[in-house]
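2 protein chains.
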Amino acid sequence: MTTRVLLVDDQPLLRTGFRMILSAEPDLAVVGEAGDGASAVELARRLKPDVVLMDIRMPGMDGIQATRALAGPGVEEPIKVLMLTTFGLDEYVVESLRAGASGFLLKDAPAEDLVEAIRIVAAGEALLAPSVTRRLLDRVASRLPRATDDTIPALAELTDREMEVLKLLARGLSNAEIAEKLVVSETTVKTHVSRVLAKLDIRDRVQAVILAYETGLV
Amino acid sequence: MTTRVLLVDDQPLLRTGFRMILSAEPDLAVVGEAGDGASAVELARRLKPDVVLMDIRMPGMDGIQATRALAGPGVEEPIKVLMLTTFGLDEYVVESLRAGASGFLLKDAPAEDLVEAIRIVAAGEALLAPSVTRRLLDRVASRLPRATDDTIPALAELTDREMEVLKLLARGLSNAEIAEKLVVSETTVKTHVSRVLAKLDIRDRVQAVILAYETGLV
DNA sequence: TGTCGCCTCCACTCTTTGGTCGAGCCGTCC
DNA sequence: GGACGGCTCGACCAAAGAGTGGAGGCGACA
Chain A
9 MTTRVLLVDD QPLLRTGFRM ILSAEPDLAV VGEAGDGASA VELARRLKPD
59 VVLMDIRMPG MDGIQATRAL AGPGVEEPIK VLMLTTFGLD EYVVESLRAG
109 ASGFLLKDAP AEDLVEAIRI VAAGEALLAP SVTRRLLDRV ASRLPRATDD
159 TIPALAELTD REMEVLKLLA RGLSNAEIAE KLVVSETTVK THVSRVLAKL
209 DIRDRVQAVI LAYETGLV
Chain B
9 MTTRVLLVDD QPLLRTGFRM ILSAEPDLAV VGEAGDGASA VELARRLKPD
59 VVLMDIRMPG MDGIQATRAL AGPGVEEPIK VLMLTTFGLD EYVVESLRAG
109 ASGFLLKDAP AEDLVEAIRI VAAGEALLAP SVTRRLLDRV ASRLPRATDD
159 TIPALAELTD REMEVLKLLA RGLSNAEIAE KLVVSETTVK THVSRVLAKL
209 DIRDRVQAVI LAYETGLV
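Written as structure tokens, this is what we have:
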């Protein structure tokens, strides 16, 4: 009785990585892949996998909508969904869980944690990444946040220029203002911003600002 | 930098078991033991351990009360507490988390999970047993609020509804998402946002987010 | 030398946002 | 009753933001 997994991420490279990790586990089998929410829903309904590994940020229908369609309230044959994203942004977490996700992992999790998480979710239990758990508990307990010196790996992936743009962005500057300050064209700034959003797995500059504050970048 | 652990359980045999498990880990050290809540609090305040391994059911002051004393809201130097119990009884879980616990494990957890949990909690993160997580998620689906406000004069000019919109906006929600959450049309949200921006004399929602963070609204 | 990553830029979409004017509904206060 | 403020909504418009698919220059590195 192998656990059948459906991979959903818009980056084929990432799917390949996951597939390789999972192929090393005799009890796990990747039965399909999807690059966007719509085809994920379609595939999941057809293949009926035990667990869907779902990215949040995707073109078209995003992971949360797809999760809602597969595991949300009112779904007759809910399929277990394990969310995967770069950050544990509060809004994403809450929305994902509300959408019916059975777990929430960060993409920088070690491989063994990932496979273990899949087994846990397949078994009908649930699991959150420690940093996500902490934030959730902070809400429940409404306790003051402790001074944590979190290092966010994905932030390190940003190039110098991208980081520079992010900092200016987080101060409330528009693309045009950033362009003026860096003495480049607005087009260039837009390119940087787009890449920053993609790398950080977030939707728009507003969430970038929030991230900058949450991670202590500002 | 070893992690200093305080064991709290009314059964000496169990404490011995834990001590043996932890002694196999070079980075963990048991610095004390207690058999009831009162002495646990006293010991913890004196020894200032990195993590307290706390049983729930104990004679006299129970583990939840002790946790509240050590990590609850209003405590100046909170000590991290990892709850340990035989069952994941719902009331216990919620009360424990509300009391400030950083984690919740079942006593039948394998040794490696336990030591890993201690490391996670020591690092300032949090962790719940999968079965506990499952139940918690089931109820989380229906709560949100917190945060108190008005110390900034301009913020006081905002109406209740505008403040509500501002808070959601500051969490990264789009107009459409805010509309959905408040069960109004997107047009209405846009009206509110416009008025908020005008009253606060700022240009766009990005600056609103910044203001929310700077003023401690978030 | 060739490849690669980073930075730069343009053109072209499409969506979102912000602003404006107008409108109706429902309370409270006078 | 009438005035007023708050909340709601629609239509329309201009601007900004975001995504895509290119492109060239440049330095690093094998």
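Residue numbers (the numbering used here), protein chains in the order written: chain A, 9 to 226; chain B, 9 to 226.
A virtual CB, placed ideally from N, CA and C, is assigned to each residue, including glycine.
Nothing here was measured: the structure is a model prediction, and the numbers come from that model.
{"Asked": "Within 10 Å of its beta-carbon, does B:Gln19 have 16 or more other beta-carbons around it, so buried, or fewer, so exposed?", "Found": "exposed"}
{"Asked": "Could you pull the start and end residues of the alpha helix (DSSP H) that B:Leu205 belongs to?", "Found": "194–208"}
{"Asked": "Beta-carbon within less than 7 Å of B:Leu219's beta-carbon, same chain only, minus the 5 sequence neighbours each way: which residues are those?", "Found": "Leu208, Ile210"}
{"Asked": "If you reduce the DSSP assignment to three classes, tell me which class B:Glu188 lands in.", "Found": "helix"}
{"Asked": "Tell me whether the stretch 136–143 of chain A and the stretch 180–193 of chain A touch, counting them as touching only if at least three CB pairs, one residue from each stretch, are closer than 8 Å.", "Found": "no"}
{"Asked": "Helix, strand or coil, according to DSSP, for A:Ala37 in the structure here?", "Found": "strand"}
{"Asked": "How is A:Gly25 classed by DSSP in three states: helix, strand or coil?", "Found": "helix"}
{"Asked": "Pairs of beta-carbons, one from the stretch 94–105 of chain A and one from the stretch 47–59 of chain A, closer than 8 Å: are there three or more?", "Found": "no"}
{"Asked": "Does the stretch 32–42 of chain B come close enough to the stretch 78–93 of chain B to have 3 or more Cβ pairs within less than 8 Å?", "Found": "no"}
{"Asked": "Opposite A:Ala42 in the DSSP bridges: which residues?", "Found": "A:Val16"}
{"Asked": "According to the neighbour-count rule (16 or more other Cβ atoms, all chains shown, within 10 Å of its Cβ), is A:Ser193 buried or exposed?", "Found": "exposed"}
{"Asked": "If you draw a straight line from the C-alpha of B:Arg213 to the C-alpha of B:Tyr221, how long is it?", "Found": "12 Å"}
{"Asked": "By DSSP's criteria, A:Phe112 is part of a beta bridge. Which residues make up the other side?", "Found": "A:Met91, A:Leu136"}
{"Asked": "Ignore the nearest five residues each way along the sequence and tell me which others in B:Gly25's own chain have a CB closer than 8 Å to its CB.", "Found": "none"}
{"Asked": "Should B:Asp212 be flagged as near chain A, meaning a C-beta pair shorter than 9 Å?", "Found": "yes"}
{"Asked": "Using DSSP with H/G/I as helix, E/B as strand and the rest coil, what is A:Ser150?", "Found": "Any answer about A:Ser150 is weak, because its pLDDT of 48 lies below 50 and its placement is not dependable; what the coordinates show is given next. Three-state DSSP puts A:Ser150 in coil, outside helix and strand."}
{"Asked": "Is it true that the CB of A:Leu105 sits closer than 9 Å to the CB of B:Leu136?", "Found": "no"}
{"Asked": "Does the beta-carbon of A:Leu174 have 16 or more other beta-carbons within 10 angstroms, so that it is buried, or is it exposed?", "Found": "buried"}
{"Asked": "Please decide whether A:Gln215 counts as near chain B, where near means a Cβ-Cβ distance under 9 Å.", "Found": "yes"}
{"Asked": "Looking at chain A, is there any beta carbon in it that lies within less than 9 Å of the beta carbon of B:Val204?", "Found": "no"}
{"Asked": "Does B:Glu3 have its Cβ less than 9 Å from a Cβ in chain A?", "Found": "Residue 3 of chain B cannot be examined here, being either before or after the span of chain B that is shown, 9 to 226."}
{"Asked": "Closest to B:Glu124 by C-alpha separation, out of B:Leu205, B:Leu21, B:Lys56, B:Leu61, would be which residue?", "Found": "B:Leu61"}
{"Asked": "As a quick exercise: from B:Val191, B:Pro138, B:Leu205, B:Ala134, pick the residue whose alpha carbon is nearest that of B:Thr167.", "Found": "B:Leu205"}
{"Asked": "Identify the contact partners of A:Asp98 in chain B, using a Cβ-Cβ distance below 7 Å as the criterion.", "Found": "Arg179"}
{"Asked": "Could you list which residues in chain B have their beta carbon closer than 8 Å to that of A:Arg142, in chain order?", "Found": "Ser110, Gly132, Glu133, Ala134"}
{"Asked": "Return the residue from the list A:Arg127, A:Val13, A:Gly80 that minimises the CA-CA distance to A:Arg54.", "Found": "A:Val13"}
{"Asked": "Pick out whichever of A:Gly82, A:Arg27, A:Ala178 has its Cα sitting closest to the Cα of A:Ala216.", "Found": "A:Ala178"}
{"Asked": "Just confirm the distance between the C-beta atoms of A:Met66 and A:Gly80, as a whole number of angstroms; I'd bet it's less than 8 Å.", "Found": "17 Å between Cβ atoms; not a contact."}
{"Asked": "Between A:Val129 and A:Glu120, what straight-line distance do the alpha-carbon atoms span, to the nearest angstrom?", "Found": "14 Å"}
{"Asked": "Could you give the uninterrupted runs of the beta strand (DSSP E) lying entirely in the stretch 50–84 of chain A, keeping only those of 3 residues or more?", "Found": "59–63"}
{"Asked": "Taking just the CA atoms, how far does A:Arg23 sit from A:Ile29?", "Found": "10 Å"}
{"Asked": "Between A:Ile128 and chain B, is there a C-beta pair that is closer than 9 Å?", "Found": "yes"}
{"Asked": "Which residues in the same chain have their Cβ closer than 6 Å to the Cβ of B:Ala32, if we skip the five residues on either side of it in sequence?", "Found": "none"}
{"Asked": "What is the rounded straight-line gap between the Cα of B:Asp8 and the Cα of B:Asp63?", "Found": "Nothing can be reported for residue 8 of chain B, as the shown portion of chain B is limited to 9 through 226."}
{"Asked": "Just verifying my parser: in three-state terms, what is the DSSP assignment at A:Thr11?", "Found": "strand"}
{"Asked": "Taking B:Pro118 as the query, report the chain A residues whose CB atoms sit under 8 Å from its CB, ordered along the chain.", "Found": "Those do not exist, as B:Pro118 stays about 11 Å from chain A at its closest Cβ, beyond 8 Å."}
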